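Everything below concerns the one structure shown next.
Numbering (this note's numbering), first residue to last: 3 to 108.
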């Protein structure tokens with residue numbers, strides 16, 4: 003595995019469910035991509051003892067973290083602390099590509 007990765011080599015799609023690709027995985031961190039086609043969602047969920055971030059690489063998504071829902075586009079980071087419910091929906095007309103990090107990773 004190279005220490006240098008181009009995210010575009012790891013994007014993809016699925017008509018049934020959003021596409022996930024793991025870029026890097028260690029006991030301390032998981033770094034991956036989530037690709038959501040228009041209309042696809044990652045349902046609200048929590049990670050009891052893991053922090054998570056989404057970084058919008060392409061597109062625009064509607065993110066919910068706890069009681070707050072906002073639209074975020076290219077270059078915006080969304081933080082979901084451990085134990086806080088979070089999820090995302092692509093309500094746009096183009097693919098939403100998210101860089102996702104979860105730590106610590108088990």
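Don't be surprised by glycine CBs; every beta carbon is placed ideally from N, CA and C. From a predicted model like this one, the values you see are computed outputs, not experimental measurements.
Where residue i falls: helix, strand or coil (DSSP)
i: residue 12; result: helix
i: residue 36; result: strand
i: residue 96; result: coil
i: residue 105; result: strand
i: residue 18; result: coil
i: residue 65; result: strand
Local Cβ density within 10 Å of residue i, reported as buried at 16 or more and exposed below that
i: residue 74; result: buried
i: residue 14; result: exposed
i: residue 18; result: exposed
i: residue 35; result: buried
i: residue 6; result: exposed
8 Å Cβ cutoff met for residue i and residue j
i: residue 39; j: residue 92; result: yes
i: residue 67; j: residue 80; result: yes
i: residue 106; j: residue 52; result: yes
i: residue 37; j: residue 102; result: no
i: residue 85; j: residue 48; result: yes
i: residue 104; j: residue 22; result: no
Endpoints, beta strand (DSSP E) assigned at residue i
i: residue 89; result: 88-91
i: residue 47; result: 43-47
i: residue 70; result: 70-75
i: residue 53; result: 53-60
i: residue 21; result: 21-27
i: residue 79; result: 79-82
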